[in-house]
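Novice: When you number the sequence shown by the working numbering, it's gap-free, plus one each residue, and the end is 326. A virtual CB, placed ideally from N, CA and C, is assigned to each residue, including glycine.
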Amino acid sequence: MFFPISGADISPIYLVIVGFVIGILGGFFGVGGSFIAGPALRLVGLDWNFAVGTDLAHIVGKSVVAAKRHRALGNVDLRLGLIMALGTIAGAEAGAQLIQMLKRAGNVNLVVSIVAIVVYLSISTFMLWESRKTLKSQKRQLPNVNGPVAKTDKSAFRPVTRAIQRLKIWPMVALPTSGVKAISLWIILLIAFVGGLFGGFLGGGGGYIRMPSMVYVLGIPTHLAVGTDLFEIVISASYGTFSHAVKGNVDILIALVMHTGAAIGAQIGAISTQYFAGPKIRLAFVPLPLIGAAIVIYTLFTGDKL
């Protein structure tokens, strides 16, 4: 099928399958799935600017479905999500402007690919270390066969998290839903801005940065970080989509085709989180950015697509 806006000739079946897989990942890990979607779109010939903008467009609808399900499961901190949306929107615009600068310079594909590889590998390495260390430190427990697991979890990074929470940089805000008595508003906004920056630059909602940051920096339980991030992505990705659309970086038809699979996958992923403890969710997350990095590396060495 030919998509005239981006000039790509892509099978709709391929897009539906990619959307379905990303939907499951998004619902389970609370991320937009851009570490898979962006590289997957690059793999079939889209330039990075179209891959980023179109990915943002498709995850809006998917995140609405997943966030609604997580809200019903009690996994969304609305106060935190609304605060983070402010910082993420600012970051998303900054990321979109960087993409525009690279488009004008004519090196958008090379620069974004290199940044993506570094970011994806760094995230996977850190989360592999932390999740394995946390699981080893916990007492051996029998598997839960009677239903959902508890939504509180431990982290080997907890001492650093506690130190960050003790920073008294006014104004301080309380997040009772997430069990955080007080934390600086500026720390929340900084985390959100960085996530939005990478979302606007690499595509998606930046959840692959923001979800781990919510756990390790803010001290949010993993299940709530997943649901809250999806809620926040609805707001930030909507803005990011609009910003990229006016810059001509969105192929809405590709986004709609991907969404048909993503909407189903998001429901499956969201329900599945109820049966995994926080550290295991984080450990399962590790291979995903690695897959994204592998695809990006492949496209870098495929000269006809750069």
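Quick one: is residue 295 buried, meaning 16 or more other Cβ sit within 10 Å of its Cβ, or exposed?
Specialist: Residue 295 sits at position 275 when you count from the first residue of the sequence shown. Per the 10 Å Cβ criterion, exposed.
Novice: Taking the continuous beta strand (DSSP E) assigned at residue 258, which residues delimit it?
Specialist: Position 238 of the sequence shown, counted from the start, is the residue given in the question as residue 258. First-last for residue 258: 242 to 266, but that is the alpha helix (DSSP H), not the beta strand (DSSP E).
Novice: Taking Cβ positions, are residue 287 and residue 85 nearer each other than 8 Å?
Specialist: Start at 1 with the first residue of the sequence shown, and residue 287 comes out as number 267. Start at 1 with the first residue of the sequence shown, and residue 85 comes out as number 65. Closer than 8 Å, so yes.
Novice: The beta strand (DSSP E) that contains residue 92, what's its start and end?
Specialist: Start at 1 with the first residue of the sequence shown, and residue 92 comes out as number 72. First-last for residue 92: 68 to 92, but that is the alpha helix (DSSP H), not the beta strand (DSSP E).
Novice: So the candidates are 196, 238, 21; which of them puts its Cα closest to the Cα of residue 187?
Specialist: Mapped onto the sequence shown, residue 187 falls at position 167. Considering only alpha carbons, the answer is 238.
Novice: How would you label residue 170, buried or exposed, when you count the other beta carbons within 10 angstroms and need 16 or more for buried?
Specialist: As a working note, residue 170 is residue 150 in the sequence shown. Note that residue 170 scores 49 on pLDDT, short of 50, meaning its location in the model is unreliable; the coordinates nonetheless yield the value given after this. Classification for residue 170: exposed.
Novice: Buried or exposed for residue 182, going by 16 or more other Cβ atoms inside 10 Å?
Specialist: Counting from one through the sequence shown, the residue named residue 182 turns up at place 162. Label assigned to residue 182: exposed.
Novice: What are the partner residues of residue 203, as DSSP defines its beta bridges?
Specialist: Taking the sequence shown and counting its residues from 1, the one referred to as residue 203 is at position 183. For residue 203, which the question treats as bridged, DSSP gives the partners 193.
Novice: Under 8 Å between the Cβ atoms of residue 101 and residue 213?
Specialist: Position 81 of the sequence shown, counted from the start, is the residue given in the question as residue 101. Position 193 of the sequence shown, counted from the start, is the residue given in the question as residue 213. Going by C-beta atoms, residue 101 is not nearer than 8 Å to residue 213.
Novice: Tell me, please, which residues DSSP counts as bridged to residue 23.
Specialist: Here residue 23 refers to the residue found at position 3 when the sequence shown is read from its first residue. Partner(s): 28.
Novice: Inspect the CB distances between the region 97 to 117 and the region 192 to 199 and report whether three or more fall short of 8 Å.
Specialist: In short, these stretches touch, since the Cβ pair count reaches three.
Novice: Work out the CA separation of residue 123 and residue 270 for me, nearest whole Å.
Specialist: On the sequence shown, position 250 is the one that residue 270 refers to. On the sequence shown, position 103 is the one that residue 123 refers to. Their backbone Cα atoms lie some 14 Å apart in a straight line.
Novice: With three or more C-beta pairs closer than 8 Å as the rule, is the region 299 to 316 touching the region 145 to 156?
Specialist: In short, these stretches touch, since the Cβ pair count reaches three.
Novice: Please classify residue 275: does DSSP put it in a helix, a strand, or coil?
Specialist: Sequence index remark: in the sequence shown, residue 275 carries index 255 (1-based). The answer is helix: DSSP assigns residue 275 an H, G or I state.
Novice: Report the residue from 107, 157, 153 whose alpha carbon sits nearest the alpha carbon of residue 206.
Specialist: Your numbering for residue 206 matches position 186 in the sequence shown. That would be 107, whose Cα lies nearest to the Cα of residue 206.
Novice: Using only CA atoms, which one of 211, 46, 221, 43 lies nearest to residue 233?
Specialist: Within the sequence shown, numbered from 1, the residue matching residue 233 stands at position 213. Here the closest residue by C-alpha is 211.
Novice: Buried or exposed: residue 21, going by 16 or more other Cβ atoms within 10 Å of its Cβ?
Specialist: Taking the sequence shown and counting its residues from 1, one reaches residue 21 at position 1. Exposed: under 16 other Cβ atoms inside 10 Å.
Novice: Short check: CB of residue 256 to CB of residue 219, under 8 Å?
Specialist: In the sequence shown, the residue the question calls residue 256 occupies position 236. In the sequence shown, the residue the question calls residue 219 occupies position 199. Contact: yes.
Novice: Give the DSSP-derived three-state secondary structure of residue 238 in the structure shown.
Specialist: Looking up residue 238 in the sequence shown gives position 218. Here residue 238 sits in coil by DSSP.
Novice: Within 10 angstroms of its Cβ, does residue 77 collect 16 or more other Cβ (buried), or is it exposed?
Specialist: Numbered from 1 along the sequence shown, position 57 holds the residue referred to as residue 77. Buried: at least 16 other Cβ atoms inside 10 Å.
Novice: Grouping DSSP H, G and I as helix and E and B as strand, with all else coil, what is residue 177?
Specialist: The count along the sequence shown starts at 1 and reaches residue 177 at position 157. Of the three classes helix, strand and coil, the one that applies to residue 177 here is coil, per DSSP.
Novice: Is residue 126 helix, strand or coil when you go by DSSP?
Specialist: As a first step, residue 126 must be located in the sequence shown, where it is residue number 106. DSSP places residue 126 in coil when its eight states are reduced to three.
Novice: To the nearest angstrom, how far is it from the Cα of residue 62 to the Cα of residue 319?
Specialist: Here residue 62 refers to the residue found at position 42 when the sequence shown is read from its first residue. Here residue 319 refers to the residue found at position 299 when the sequence shown is read from its first residue. Approximately 7 Å, taken between the alpha carbons.
Novice: Rounded to the nearest angstrom, what separates residue 335 and residue 293 at their Cα positions?
Specialist: There is simply no residue 335 to check, as the chain begins at 21 and stops at 326 in what is shown.
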